[in-house]
Ligand SMILES: Cc1cc2nc3c(=O)[nH]c(=O)nc-3n(C[C@H](O)[C@H](O)[C@H](O)COP(=O)(O)OP(=O)(O)OC[C@H]3O[C@@H](n4cnc5c(N)ncnc54)[C@H](O)[C@@H]3O)c2cc1C
Ligand code: HEM
Ligand code: SF4
Ligand code: SF4
Ligand code: FES
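Protein chains in written order, with our numbering: chain B, 78 to 886; chain A, 365 to 473.
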């Protein structure tokens, strides 16, 4: 007498279960198969190729009518099971009940729909089944689609519709795509490939509302107010195990239906497999383990011994041209080591994570041919001690191949600009070298490349090396740090030429050897990016030294100092009173007048910072940026207002300069001063920019210093009006921002590029205007008070938790 | 071990750190990746600099005061003969859990 087996759900896992059962013992069970979808088992994974047009639905059906007929499976497709009566051992479908001896629940999972306003509008769908796929297949030329979710499913949906000609935007909450499977570098390359397919990717974007018209979706609105118009909106933000039936039947459930190693639920006659189960705290979203579960369940049903064991998993993305592979674990563990390989010329990134003598995780992009080999090493726990050095080159490694430090330059297209001053591109330089210019002087003479400010010398030399090979002995230039082979100047130029607009872009395209840089290169790269791309690049606080991250100078005992801005050194009785009150309220041990005409409150506790700022803000005081690589102070003398020697309104000019320049980030700190006459009470002649007023106008000097080095300013220009003095100052600061090496004060930079070069730029009316416009653009983002912003979120300044209180109880 | 729920992983900025006060002193939780957190003493082995205020890179942190670099796996200072204490920590369902036994001065050896 055959036992009655009822299976709920004709999915990937139950398909495998039925196969295994009929293969091993075709006579054991009389099978009834329910499926809510109006069809039998098909390969759900392959919906993506169907969507993109690479396959048809017919090609992905795994079990057809003939299969079910041959094996006597009673099919109840298009019929949802509504109830399980465990006492009576009866399952009820929409068209009536059926009795079971053994029951298997394989109901899979359901897509998570974020309950945004408008989520129930017509035209808002998920990506799970053939119906969803068909809706998306209707999106072609001239249609606009928004996909929420930059994970595996969302990206396959986006790529499929883009392949059909639709204009697709992917909106992703996190800072990089597929953050569960990829790290930032691989996420960056993936984004680049998708953008190459015409897909728009918006990262760190928070959806706020789905806008509709006549009950149909019209646009997605983000929390920054942006509206993305669309004809279809696909939500692919995750899945949730479909446990409703099991739960209603009183089975033990958590996030999924609880099963043991034999796939048996809390009821011995009911098994469960697939995405609906929870096994030893884990739930599942990829087919590999589900197939294992199906086989184990078949054995259990047939009364044989078998146990399901969780194994590490690997992920691939089924989008043509996006070659990525990720496996194992690169999260949360002790004693780990990374091996990173990047080949910018081929867009390849590989990262291995090693623990002890084992490989435990791998992420690859661009070249994934060794993926399964690495995955094998992970799964089998093979000792990699003997091959540690060459592991990253894969199984075929025969010695020899080394990452070429010159590859970043080698791959530049010939129209890439190498010398920014003279507008010389790579092609011109290579031609000159080929025509016999075999040393730097000759290249300079012939092309003018590196003949002006000289900062591109390193790149020109690398080009000579690439072109001439061993015939050229390259002088060893100092790379930024151990993470890369390029100098600061090289990196700056390449960021501009290659339009690199994010840190992962820099790391990848310029061949960084570490995962995410170090304390030396990160602050520099962060500055270069924000100086060159103020609108595209978002300042990264985690790449700043503590002073700039906390907007306060750290003192040797870990407390901070607070210095409010006093424009041009002018203050009022009200401001002084507010400062005095703050000093009392926060028990400030030291109040000092600084060399820059400011008042410094020293010894403020880190967690008090947001509150003291808020108090000072209320009195109209803003941050003095006394901690920043940026504009510090503009010192002034009293000038014509009070001094009998004054020739111009030095205080007024100082205030105007400070109001124009404050908030801007610069390679190193920048201090200004304006004196009302050559007696120079404001000590303007030892400042980065020092203006001395004279009867005929203003003498603008630059490159002074009064630190470890003492230097008098050199005269940049004499101008007649206050407006011009301001214009020249701003243009100078911007030129410095665009060109100097991080942590070079202006005088050091001037020593490299020469005052004449700077003067030529600033005297050129067009260039001066361009510099001022560029500075203003940047200031539209950065001219703001960081205190106000940070005072609004004091939690970031205090400890995350306090366990001392609990322990005392 | 007794795992204590401290906070959501996302309360710690990626490549950043936050401090937890415990009976054995301030412990910094360093978030080195999307799903990777380490716990170690917040106090630099050199002159006590607040490590949570340093720059986090790879699985290391650089002290904000004099740039000593510590490997967060072991607490070992790179190139120096010194180390800081590390503590068991793990992530579960988006929450950071710290081992309560290890940070309790009554049981810490
Ligand atoms: C587009 C897409 C691409 C994917 N790509 C990959 C990939 O590349 N690699 C990978 O490993 N995984 C991939 N997956 C995930 C993989 O498809 C799933 O892990 C797998 O299908 C889950 O199998 P399952 O048997 O648990 O559930 P399903 O295959 O979802 O089957 C469950 C079935 O149960 C039915 N059902 C639910 N409730 C009831 C009820 N009450 N009564 C009757 N029937 C019911 C449902 O209609 C459904 O047909 C992809 C998924 C999708 C949607
Ligand atoms: C009535 C005339 C003058 C007035 C009202 C005046 C006012 C001031 C003021 C207000 C300052 C402080 C500047 C500041 O740091 O904000 C100052 C500083 C100074 N003054 Fe005068 N001054 C006068 C004449 C002179 C003269 C004639 C000289 C030199 C010949 C001079 C030399 C200096 C110098 C060197 C300083 C800088 C001192 C320091 O801070 O180290 N002053 N003066
Ligand atoms: S610099 Fe000249 S104008 Fe200014 S306070 Fe000194 S003497 Fe007066
Ligand atoms: S001079 Fe030296 S000791 Fe004095 S504040 Fe400046 S850095 Fe510190
Ligand atoms: S206190 Fe940390 S390096 Fe000096």
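Glycine included, C-beta positions come from ideal geometry on N, C-alpha and C.
The structure displayed is predicted, hence computed values, not measured ones.
Per-residue burial, residue i [other beta carbons within 10 Å of its own, 16 or more giving buried]
i	result
residue 891 of chain B	Outside the displayed span of chain B (78 to 886) sits residue 891 of chain B, for which this structure offers no information.
residue 318 of chain B	buried
residue 450 of chain B	exposed
residue 473 of chain A	Because the pLDDT of residue 473 of chain A is 41, which lies under 50, any placement of that residue in the model is unreliable, and the question is left without a value.
residue 476 of chain B	With a pLDDT of 44 at residue 476 of chain B, under the threshold of 50, the modelled position of this residue cannot be trusted, and the question is left open.
residue 903 of chain B	With chain B covering only 78 through 886, there is no way to say anything about residue 903 of chain B.
residue 512 of chain B	exposed
residue 441 of chain B	buried
residue 870 of chain B	exposed
residue 550 of chain B	exposed
residue 90 of chain B	buried
residue 756 of chain B	exposed
residue 819 of chain B	buried
residue 627 of chain B	buried
residue 379 of chain A	buried
residue 906 of chain B	This structure gives no information on residue 906 of chain B, because the portion of chain B shown stretches from 78 to 886.
residue 388 of chain B	exposed
From the options, residue whose alpha carbon lies closest to that of residue i
i	options	result
residue 617 of chain B	B:604, B:246 and B:629	B:604
residue 875 of chain B	A:428, A:382, A:460 and A:443	A:382
residue 827 of chain B	B:784, B:765, B:204 and B:706	B:765
residue 754 of chain B	B:190, B:360 and B:770	B:770
residue 415 of chain B	B:379, B:400, B:201 and B:435	B:435
residue 148 of chain B	B:606, B:263 and B:103	B:103
residue 353 of chain B	B:303, B:186 and B:225	B:186
residue 773 of chain B	B:308, B:745 and B:802	B:802
residue 375 of chain A	A:368, A:395 and A:366	A:395
residue 420 of chain A	A:393, A:409 and A:445	A:393
residue 248 of chain B	B:242, B:230 and B:260	B:230
residue 504 of chain A	A:401, A:425 and A:369	Because chain A spans 365 through 473 in this model, residue 504 of chain A falls outside it and cannot be assessed.
residue 749 of chain B	B:562, B:465 and B:646	B:646
residue 606 of chain B	B:315, B:97 and B:577	B:577
residue 463 of chain B	B:417, B:135 and B:433	B:433
residue 283 of chain B	B:254, B:308, B:225 and B:277	B:225
residue 775 of chain B	B:167, B:796, B:599 and B:536	B:796
Reduced DSSP category for residue i - H, G, I as helix; E, B as strand; rest coil
i	result
residue 525 of chain B	coil
residue 494 of chain B	strand
residue 244 of chain B	strand
residue 427 of chain B	strand
residue 536 of chain B	helix
residue 876 of chain B	coil
residue 479 of chain B	Only weak support is given to the placement of residue 479 of chain B: the predicted model assigns it a pLDDT of 46, under 50, and the value that follows is read from those uncertain coordinates. Here residue 479 of chain B sits in coil by DSSP.
residue 763 of chain B	helix
residue 570 of chain B	helix
residue 192 of chain B	coil
residue 772 of chain B	coil
residue 599 of chain B	helix
residue 586 of chain B	helix
residue 319 of chain B	coil
One or two residues paired with residue i in a DSSP bridge
i	result
residue 335 of chain B	B:355
residue 712 of chain B	B:750
residue 343 of chain B	BP columns for residue 343 of chain B are empty, so no partner.
residue 441 of chain B	B:402 and B:427
**Near-chain A residues of the segment 587-604 of chain B - C-beta to any C-beta below 7 Å** = Using a CB distance below 7 Å, the part of the segment 587-604 of chain B facing chain A consists of 591, 592, 593, 594, 595, 596 and 599, ordered along the chain.
**Message:** Against chain A, which members of the segment 700-726 of chain B pass a CB distance test of less than 8 Å?
**Reply:** Here the close residues number zero.
**Request:** Could you name the residues of the segment 489-501 of chain B whose beta carbon sits closer than 7 Å to any beta carbon of chain A, in the order they occur along the chain?
**Result:** Only those residues of the segment 489-501 of chain B whose C-beta falls short of 7 Å from the nearest C-beta of chain A would be listed, and there are none.
**Request:** Can you give me, in chain order, the residues of the segment 652-680 of chain B that have a beta carbon less than 9 Å from any beta carbon in chain A?
**Result:** Within the segment 652-680 of chain B, no residue qualifies.
**Prompt:** In chain order, what residues of the segment 414-448 of chain A put their CB closer than 8 Å to some CB of chain B?
**Reply:** Within the segment 414-448 of chain A, the residues whose Cβ lies closer than 8 Å to some Cβ of chain B are 414, 417, 418, 419, 420, 421, 422, 423, 424, 426, 428, 429, 431, 433, 437 and 438, listed in chain order.
**Asked** Any residues in the segment 327-341 of chain B with a beta carbon nearer than 8 Å to a beta carbon of chain A? Which ones, in chain order?
**Response** So the list is empty, because no residue satisfies the distance condition.
**Asked** Relative to chain B, which residues along the segment 394-406 of chain A have a C-beta separation below 7 Å, given in chain order?
**Response** So the list reads 397, 398, 399, 400 and 401, given in the order they occur along the chain.
**Request:** Check distances from the C-beta atoms of the segment 374-394 of chain A to those of chain B and list, in chain order, the residues that come in under 8 Å.
**Result:** Under the 8 Å Cβ criterion, the segment 374-394 of chain A contributes 375, 376, 377, 378, 379, 380, 382, 383, 384, 385, 386, 387, 390 and 393.
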